[in-house]
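**Student:**
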Amino acid sequence: MSKMKKMILVLGIAVGFAACSKEDNGGSTNVVSTITVKDLPADTIIGITPGAPPTGGFPYGAGRYTFFSLESNKIVPASDSASNKWDLAFKGTTIATNSGNSGPGGAGAFVFVGLFDDLKSIPADSTFRIDNAPSAFAIPTGSNRAWYAYDGINQLVNPIPGRVLVIRTASGKYAKVEILNYYKGGTTPATTAPDAVKLSTQRYYTFRYTYQPNGTKTF
Amino acid sequence: MITDNGAPYVDEFRQSFGRAENQTDIQFNERLEMNVGGGYIHETARSTRYDNSSSVKTNRIGYAYLQTEWKALDQLTLIGGARYDHNELFAAAFSPKLALQYKINSKLSVKASVGRGFKAPDFRQLYLNFTNTAAGSYSVFGSVEAQKIITELNRLGQISSLEPAFYGLSTLKPEFSTGFNLGVHFQDAKWSVSANIFRNNIENLIDSRLVAYRTGGAQIFSYLNVKNAFTQGIETDVQHKVNKHLSFTAGYQFLLTGDQAEIDAINAGKVFTRDQNGFSRRMNRSEYVGLPNRSKHMANFKILYTKNAFFANTRLIYRSKWTTTDTDGNGLFNSNDAFAKGYLQVNAAAGYEFNKGLSVQAGTDNLFNYTDVINLPNLPGRTFYVTVSYQFFNKNPK
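Okay, here's the thing in structure tokens:
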């Protein structure tokens, strides 16, 4: 019975993505397209520190960012981290921009409160922040600050609805990003799922973004 | 017991509470009566639960009130009153009240009232610094202390997440409310039935909130003001004597709550949630739940049997689900958030009184052993008890 439910769920997701990609490629009048990136690993968990909270028992990864180019829709190798080739870098819940002390690029970002589709052009008076790691990132870190809320009872990370990351890329173009999910397969584990599942499936980003290659601030 | 830093747990609490009060009742005639009174409270507290025992908190409160009851007609009674509070730490408040009772006949009456209320934050809400190491290790910090303590814990890496309510913490303001009530009451030899509709508009409601989690998941609560809260609903109460031995009582409350500022934000399209694809969408008014920790339905039922020296009773207490945490992070409580499950608690007891001052009582609380460690840390599981008591000087032997 529960297996059958799972099947239906998987089927439902498959249909969901199919519908989504149809919308992206279909007869839209927009010049720019919206791309959905699935399961981008972001320093996935490789172990748990010994002991129990508050001194131990914390999951940890290898401590490495995953670099991503919005322009080419590709993961950029870490060897290119000191270049303009990447725009965003993901490590756990931290999203760095290729700006300030995170990278040599001219990137920047701010958090827009509203719907992804409603953001048709970036307001002229917008201020793009730049990274000053580790104390202040252009996209603020921490629960309930920028893009996610941590559910401490169930120990799950949930993206906050109505938050759009407005990005200036490393080369000065513009993009908008909505984080959709933080878990593998784009599905947050059930609140009752075992801790092992919650840990092994987290730090996989699903997000959608629109990149405007012509340098304007409209989407 | 030990504290977070490993030091022995010292729970010291000294509170002194001085109160002087006077009430004078004046009966002008058969139809007009007046009560006048006033008082003064001097309160100090010094406790390890409130930060450290060397600092003493003091407050002085003076108050005066007046109430007039006028039987305008045989069926109609009017009650007018007012109260003045002067709270040294907070504010002075004038709270008038007006009520009207009309007897339709000897069994049926209606009552309507409107009144203002005032509630200043108390020491607990301001200064408490308490961690219950026994039950889930949850903590409660008074609003004055909360920001300071949590910021410090966060600096030490002992906080895993800050809830939206944390950012809403500020100096607590006193609560002012306006309440409206309309009720009917029926009474005869066997039945007593009442129903009441109520609405309260509460400015700066003092409400407890989950504000942060410690690393390891322990919850931290504090208090904040809800700017424009309201509570409204219906409460009913039925008492019935079936016969000489058997009686029952039943109560039910239907409750809706909310914050007008949040409803305005929803109506303005500024509140979001997610659809099945994970895409954000606007939240609908119908998804709004209101204030946390309140159940929409609450009911209780008690059946009591007595015969001579024997008694037995069973009590059922029901509470429907209530929201606890804003898990989707949209800043308010909606149907996508975390809820505590509704539950039924059943208590049963029976006893017998012997005729030489000896009585025996046995019972069980929480018969079905309902527990919810996270949301109801103070509800123990099934408890059996037997009490035997003996009265040495029995003035009224049976």
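Read top to bottom, the protein sequences are chains P and A. Everything in the first sequence is counted per the numbering used here, starting at 2 for the first residue and increasing by one. Everything in the second sequence is counted per the numbering used here, starting at 11 for the first residue and increasing by one. Ideal placement from N, C-alpha and C gives every residue a C-beta, glycine not left out. Model, not experiment: these values are computed from the prediction.
Using a Cβ-Cβ cutoff of less than 8 Å, which residues in the same chain neighbour Tyr-148(A) once the five nearest sequence positions on both sides are dropped?
**Tutor:** Hits under 8 Å: Thr-141, Asn-142, Ala-228, Gln-229, Ile-230, Phe-231, Pro-387.
**Student:** Buried or exposed for Val-178(P), going by 16 or more other Cβ atoms inside 10 Å?
**Tutor:** Val-178(P) comes out buried.
**Student:** By Cβ distance, which residues of its chain are closer than 6 Å to Leu-108(A), with the 5 residues on each side in sequence left out?
**Tutor:** Closer than 6 Å at Cβ, skipping near neighbours: Gly-90, Val-124.
**Student:** Residues of chain A with CB under 7 Å from Pro-162(P), in chain order?
**Tutor:** Per Cβ cutoff of 7 Å: Phe-282, Thr-283, Arg-284, Ser-290, Asp-338, Asn-340.
**Student:** DSSP three-state call for Lys-104(A): helix, strand or coil?
**Tutor:** Reading off the sequence, residue 104(A) comes out as Phe, not Lys. Note: Phe-104(A) maps to strand in three-state DSSP.
**Student:** Quick check on this structure: which residue in Phe-27(A), Met-293(A), Ala-359(A) has the alpha carbon closest to the alpha carbon of Thr-324(A)?
**Tutor:** Checked all of Phe-27(A), Met-293(A), Ala-359(A); the closest Cα to Thr-324(A) is Ala-359(A).
**Student:** Relative to the C-alpha of Asn-231(P), which candidate in Thr-56(P), Thr-192(P), Val-77(P) has its C-alpha closest?
**Tutor:** With chain P represented from 2 up to 220, any question about residue 231(P) goes unanswered, as that position is not in the structure.
**Student:** Just curious, the beta strand (DSSP E) that Glu-79(A) is in, first and last residue?
**Tutor:** Start and end: 67–81.
**Student:** Where does Val-150(A) land, buried or exposed, given buried means 16+ other C-beta within 10 angstroms?
**Tutor:** Counting Cβ neighbours within 10 Å, Val-150(A) comes out buried, since at least 16 surround it.
**Student:** Starting from the Cα of Gln-37(A), find the closest Cα among Val-252(A), Lys-200(A), Thr-337(A), Thr-78(A) and give me that residue.
**Tutor:** Closest option to Gln-37(A), Cα to Cα, is Thr-78(A).
**Student:** Is Asn-164(A) helix, strand or coil when you go by DSSP?
**Tutor:** Residue state, collapsed to three classes: helix.
**Student:** Rounding to the nearest angstrom, what Cα-Cα distance links Thr-67(P) and Ser-153(A) in this structure?
**Tutor:** About 41 Å.
**Student:** Evaluate contact between the segment 389–401 of chain A and the segment 366–373 of chain A, counting only Cβ atoms and requiring at least three cross-stretch pairs below 8 Å.
**Tutor:** Yes, they touch.
**Student:** Thr-94(P) and Thr-142(P) look like a contact to me (Cβ under 8 Å); what is the Cβ gap, rounded to whole Å?
**Tutor:** Rounded, the Cβ-Cβ distance is 7 Å, consistent with contact.
**Student:** Does DSSP put Ile-12(A) in a helix, in a strand, or in coil?
**Tutor:** With a pLDDT of only 44 at Ile-12(A), under 50, the local geometry of the prediction cannot be trusted, and no value is derived from it.
**Student:** Excluding sequence positions up to five away, which residues of its chain have a Cβ less than 6 Å from the Cβ of Thr-188(A)?
**Tutor:** Taken in chain order, the residues that qualify are Arg-126, Asn-211.
**Student:** Tyr-84(A) to Asn-115(A), Cα distance in whole Å?
**Tutor:** Contrary to the premise, residue 84(A) reads as Asp rather than Tyr in this sequence. Straight-line Cα distance between these residues: approximately 11 Å.
**Student:** Roughly how many angstroms lie between the CA atoms of Asn-45(A) and Phe-208(A), to the nearest whole one?
**Tutor:** Approximately 26 Å between the Cα atoms of the pair.
**Student:** Exposed or buried, Arg-304(A), counting other C-beta atoms within 10 Å across all chains shown (16 or more means buried)?
**Tutor:** By the 10 Å Cβ count, Arg-304(A) comes out buried.
**Student:** Determine the direct distance from the alpha carbon of Thr-207(P) to that of Asn-182(P), and round the result to whole angstroms.
**Tutor:** Each residue's alpha carbon lies about 5 Å from the other.
**Student:** From the DSSP secondary-structure annotation, give me the bridge partner or partners of Ser-122(P).
**Tutor:** Looking at the DSSP assignment, Ser-122(P) forms a beta bridge with Thr-219(P).
**Student:** Classify Lys-199(P): buried if its beta carbon has 16 or more other beta carbons within 10 angstroms, exposed otherwise.
**Tutor:** Counting Cβ neighbours within 10 Å, Lys-199(P) comes out buried, since at least 16 surround it.
**Student:** Who are the near neighbours of Gly-115(P) in its chain, counting only those whose CB is closer than 8 Å to its CB and skipping five residues on each side?
**Tutor:** Answer for Gly-115(P): Gly-163, Val-165, listed in chain order.
**Student:** Output the boundary residues of the alpha helix (DSSP H) element that contains Pro-6(A).
**Tutor:** No information on residue 6(A) is available, as it lies outside the stretch 11 to 408 that chain A covers here.
**Student:** Answer yes or no: does any C-beta atom of chain P fall closer than 8 Å to that of Ile-384(A)?
**Tutor:** Cβ-Cβ to chain P under 8 Å: yes for Ile-384(A).
**Student:** For Asn-379(A), which option in Val-356(A), Glu-363(A), Gln-401(A), Phe-264(A) has the closest C-alpha, if you only look at C-alpha atoms?
**Tutor:** For the residues Val-356(A), Glu-363(A), Gln-401(A), Phe-264(A), the minimum Cα distance to Asn-379(A) belongs to Val-356(A).
**Student:** With which residues is Val-398(A) paired in a DSSP beta bridge?
**Tutor:** According to DSSP, Val-398(A) bridges with Val-370(A).
**Student:** Please classify Leu-354(A): is it buried, with 16 or more other beta-carbons within 10 angstroms of its beta-carbon, or exposed?
**Tutor:** Exposed is the call here.
**Student:** Answer yes or no: does any C-beta atom of chain P fall closer than 8 Å to that of Pro-184(A)?
**Tutor:** Closer than 8 Å: no.
**Student:** At a cut of 8 Å, does the segment 313–328 of chain A reach the segment 207–217 of chain P through at least three beta carbon pairs?
**Tutor:** Short answer: they don't touch.
**Student:** Under 7 Å Cβ-Cβ, which residues of chain D neighbour Ser-144(P)?
**Tutor:** Of the chains in the structure shown, none is chain D; the protein chains are P and A.
**Student:** Residues in its own chain within less than 6 Å of Val-248(A) by CB, not counting five upstream and five downstream?
**Tutor:** Cβ within range, chain order: Val-203, Ala-260.
**Student:** Tell me, please, whether the CB atom of Tyr-223(A) is closer than 8 Å to any CB atom in chain P?
**Tutor:** Yes, contact with chain P.
**Student:** In the structure shown, what three-state DSSP assignment does Arg-146(P) receive?
**Tutor:** Correct three-state label for Arg-146(P): coil.
**Student:** On the premise that Ala-110(P) lies in contact with Ala-150(P), defined as a C-beta separation below 8 Å, what is that separation, rounded to the nearest angstrom?
**Tutor:** Contact doesn't hold; Cβ gap of about 19 Å is too wide.
**Student:** With DSSP run on the structure shown, which of helix, strand or coil describes Lys-92(P)?
**Tutor:** Three-state DSSP puts Lys-92(P) in a strand.
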